[in-house]
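Below: one structure, written as structure tokens.
Protein chains in written order, with the numbering used here: chain B, 550 to 804; chain S, -2 to 179.
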């Protein structure tokens, strides 16, 4: 016959009790061996499931299927292949060069961006705004790269560098899992003075990136490193954003 | 892209993995988790106007669950066929449904992990789904009740039984205790 408090012990374990009831259960656990042992079992079972059972993630093919079916329903036909038409590749090295020149070139280029690139910029901007408004800026709070980078490995598909540049004025705040263009993205979050800078990283699938952009007071810089796309966004000045981009690129090592 | 679709995708796509994981844990051959998820996302998009509040996840997962039930019903109605063989069911030597290793999963799939996955898959659906929603998705009782359409008290008792059942079958499967035995 299990203890009549077994049910409340489970609620306690699941974080479902208010503070005063939780204290009552904690007192009970000190004297009831059955419930104390149940709590140990509950913890062990949870750890076992979380460490051992596969978490099945939607793959790229399913994401595309869903996007296409929503697109058909939306009346627009299948979603257009993004950024495939324009040839921006010749500019891809520009960002790491002279900051001022690169930005000047990029702003001119942006005026002529095809619509699909605008969609990507809109996507990144929306993700940035969501993170600022919803109190969901970071999932893992840390200025320690040894905390943030492994967290990405468990929660996103990519694991970009997460280095603290506090000495250069860019403090690492933490990391977040987010979405860009239907891809799971890892976001490294920095603070620069009063500004928040989100650095998105996601797996590229051969689409072409815009280089940089400016919209509604936000600035965007995109680049590619290895098999990852990066996008940095903030309301800082252009030079401040490009400085951080340079630091992140240097930390990424050779492609 | 319409504004409605943009809003829907911004709210729903972050839960696509959760939708797929639930679908994978619910479906049995010949049903396909990808089909269930695609169907669910489309239905959710069509019903987006009826969604109220800011908690998209339980709403979306309840649609996934309903799509699965509908698909099961259609299959039963249409097939009236002999039960699939063990091989078709993907059973291993012990009669357990083999949990396919998923290349998307970053953790290294151990033999142990496969067996635990198989034990979860062998639980009756009403137990399996509360385990997935509570232990994998970290959802509250209230949200699990919304997904499963069961009262909170039922969610709690199913969860307690599911956990006990899983623990017993794990220990009974010859695995070492996952914790120090006191």
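By construction, the Cβ of each residue, glycine as well, lies at the ideal position given by its N, Cα and C atoms.
Item: Count the other C-beta atoms from every protein chain shown that fall within 10 angstroms of the C-beta of residue 735 of chain B, then say buried if there are 16 or more, exposed otherwise.; Value: buried
Item: Would you kindly report the start and end of the unbroken beta strand (DSSP E) that includes residue 774 of chain B?; Value: 767 to 774
Item: Residues of chain B with CB closer than 8 Å to the CB of residue 157 of chain S, please, in chain order.; Value: 555, 556 and 559
Item: Three or more beta-carbon pairs under 8 Å between the segment 684 to 704 of chain B and the segment 733 to 752 of chain B, yes or no?; Value: yes
Item: Just how far apart, CA to CA, sit residue 669 of chain B and residue 730 of chain B?; Value: 6 Å
Item: For the segment 568 to 582 of chain B, which residues have a CB atom closer than 9 Å to at least one CB atom of chain S, in sequence order?; Value: none
Item: I need the DSSP call for residue 553 of chain B, collapsed to helix, strand or coil.; Value: coil
Item: Can you tell me whether residue 703 of chain B is buried or exposed? The criterion is at least 16 other CB atoms within 10 Å of its CB, across all chains shown.; Value: exposed
Item: Taking the beta carbon of residue 580 of chain B as the centre, do at least 16 other beta carbons fall within 10 Å, making it buried, or is it exposed?; Value: exposed
Item: Would you decide whether residue 572 of chain B is buried or exposed? Buried here means 16 or more other CB atoms lie within 10 Å of its CB.; Value: exposed
Item: In three-state DSSP terms, what is residue 52 of chain S?; Value: coil
Item: Compile a chain-ordered list of the residues in the segment 11 to 39 of chain S whose CB is closer than 7 Å to at least one CB of chain B.; Value: 11, 13, 14, 17, 18, 21, 31, 34, 35, 38 and 39
Item: Between the alpha carbons of residue 596 of chain B and residue 113 of chain S, how many angstroms are there, rounded?; Value: 12 Å
Item: Using only alpha-carbon positions, find the residue among S:128, S:145, S:137 and S:138 that is nearest to residue 164 of chain S.; Value: S:128
Item: Run down chain S in chain order and give the residues with a C-beta less than 7 Å from the C-beta of residue 591 of chain B.; Value: 160
Item: Return no unless some Cβ of chain B is closer than 8 Å to the Cβ of residue 7 of chain S.; Value: yes
Item: Starting from the C-beta of residue 143 of chain S, find all residues in its chain whose C-beta is less than 7 Å away, skip the five residues before and the five after it, and write them out in chain order.; Value: 55 and 59
Item: State the Cα-Cα distance for the pair residue 594 of chain B and residue 757 of chain B, rounded to the nearest angstrom.; Value: 46 Å
Item: Measure the C-alpha to C-alpha separation of residue 68 of chain S and residue 28 of chain S and round it to an integer number of angstroms.; Value: 7 Å
Item: Roughly how many angstroms lie between the CA atoms of residue 161 of chain S and residue 556 of chain B, to the nearest whole one?; Value: 13 Å
Item: Rounded to a whole number of angstroms, what is the C-alpha to C-alpha distance between residue 119 of chain S and residue 166 of chain S?; Value: 10 Å
Item: Return the bridge partner residues of residue 700 of chain B from the DSSP annotation.; Value: None, per the DSSP bridge assignment.
Item: Residues of the segment 42 to 75 of chain S with a CB closer than 8 Å to any CB of chain B: list them in chain order, please.; Value: 42 and 43
Item: Per the DSSP calculation, residue 732 of chain B is bridged to which residue(s)?; Value: B:729
Item: So residue 565 of chain B contacts chain S; which residues on that side make the cut at Cβ distance below 8 Å?; Value: 137 and 138
Item: Is any beta-carbon of chain S found at less than 8 Å from that of residue 750 of chain B?; Value: no
Item: Using the beta-carbon of each residue, which ones in chain S are nearer than 8 Å to residue 688 of chain B?; Value: The premise fails here: residue 688 of chain B is roughly 11 Å from chain S at the closest Cβ pair, so nothing lies under 8 Å.
Item: Can you pull out the residues from the segment 713 to 733 of chain B whose beta carbon lies closer than 9 Å to at least one beta carbon of chain S?; Value: 726, 727, 728, 731 and 733
Item: Pull up the CB-CB distance for residue 14 of chain S and residue 606 of chain B, whole angstroms please, since I reckon it's below 8 Å.; Value: 5 Å
Item: Would you say residue 125 of chain S reaches chain B, if we count a Cβ-Cβ gap shorter than 8 Å as a contact?; Value: no
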